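To start, the structure under review is shown below, and the notes come after it.
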Amino acid sequence: MIAVVFLTRSPHQAMLEFIPQMERDGYDLYVCADDMLSGPFLQYTSRECEEAGYKNALLPWHISRPSAWEKALYHFCEKDTKYRHVWFIEEDVLITSADILYKMDQQYPETDVLSESHIVVTKYKRDWHWQLAHSIIDFPWAKSMMCACRLSKRMLQVVREYVKKHGTLLYHEFMFNTLAMHHGLAVDTPDELNGITYQYKWGLDEMEPGLLYHPVKDVGSHPLLRKIIHARHALNTARA
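With positions in the sequence shown counted from 1, the corresponding number in my numbering is that position plus 27.
Quick look at the structure:
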C-alpha cells in the first residue's frame, strides 16, 4: 500500500477536484491542512502533536503550529504505519499528469527517500539554514527541497525513533536526507522531480507532461495548465 498526502494551509477546490483522478488500486489519498477544518481531512491539535514531539519541522517563523507537515508526519509515524511508502505533496506543486507518482513508484520500488536533490555537507556553512542542524545532529548533513517527496516505511520509522529520543523533529529540508545517510537508507533523485525549485517563475514553454513543478502558487490555474501542457505536447508530437 502507498499513501499520498496533500499538504495545504486550507485546501483549494481545484486540488480537491484533481485528487480523485489519482485514485488507483493500492493507493490511499489524504489531505492534511495547517488549519483545523471540518471534513475528511487528517486533523490533529497543536497540543497532541507537540506533546508527541512532532514540532519544529518548518522554519521557526512559520506561523501555523502545528503545520500540515507536522500533522502528517505524526499521522504516518504514529497512527497509521501500514504503508510501504508515503508521498508528501505541497499544494503549490503542479502535478502535470495523474500517473506521475505511480510511474516513479514502479521505477523506484525500494528507495527510502525520493527527493529533488541530495546535497551533502560535511562542515558548517552559513549559506543556508544549517544553524538549525549545528550542534544538534552530527555530520554529514544533506538537504533537498521537499515540496514533493516520497518516504518509505523504514524512513518514517527512523523519524519516529528520532522523535522518541529527542522530543522534536528536525527542519524537514535536511531531516530526511540526513537521517537516511546516518542509517544507511537509499536516496534517489528522479528526473520527474527536476522541476521542484525554491523560487522560479515557470513559463508554459518550459513545462512538459510527466514532471512536477514548484512553485506554481495559483492552484486555481493548475487544471488549465495541465490541459495546455498536454495539448501542446500532443501537437508537437504530431508535427515531429
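Note that the Cβ used here is the ideal one computed from N, Cα and C, for glycine as well. These figures come from a predicted structure and were not determined experimentally.
Given F103 as reference, the closest of R187, T205 and I256 once Cα atoms are compared: R187
Beta carbon of M234 nearer than 9 Å to that of T123: yes
Distance CB(Y189)-CB(N83) smaller than 9 Å: no
Start-to-end residues for the beta strand (DSSP E) that takes in R177: A175 to S179
Own chain, CB closer than 7 Å to L238, minus 5 neighbours either side, in chain order: T123, E219, N221 and G222
CA-to-CA distance, A125 to M49, given in whole angstroms: 5 Å
Pairwise C-alpha distance: G80 and K192: 10 Å
Buried or exposed (CB count within 10 angstroms, at least 16 for buried), M173: buried
Alpha-carbon to alpha-carbon, Y110 and M28: 5 Å
Reduced DSSP category for W229 - H, G, I as helix; E, B as strand; rest coil: coil
Cβ pair A95, L34 closer than 9 Å: yes
Three-way DSSP call (helix, strand, coil) for W157 in this model: helix
Opening and closing residue of the alpha helix (DSSP H) in which G139 lies: Sequence inspection shows Asp at residue 139; the Gly mentioned does not correspond to that position. No alpha helix (DSSP H) contains D139, which DSSP labels as neither H nor E.
6 Å Cβ shell around V113 - same chain, five flanking residues per side excluded: A30, F103 and L178
Cut-off 7 Å between Cβ atoms - residues of its own chain near H145, not counting five sequence neighbours on either side: A169, S171, N204, V214 and T216
Own chain residues within Cβ distance below 6 Å of L100, not counting five before or after: Y81
Limits of the unbroken beta strand (DSSP E) element including I146: I146 to V148
P93 burial status per 10 Å Cβ neighbour count (16 or more: buried): buried
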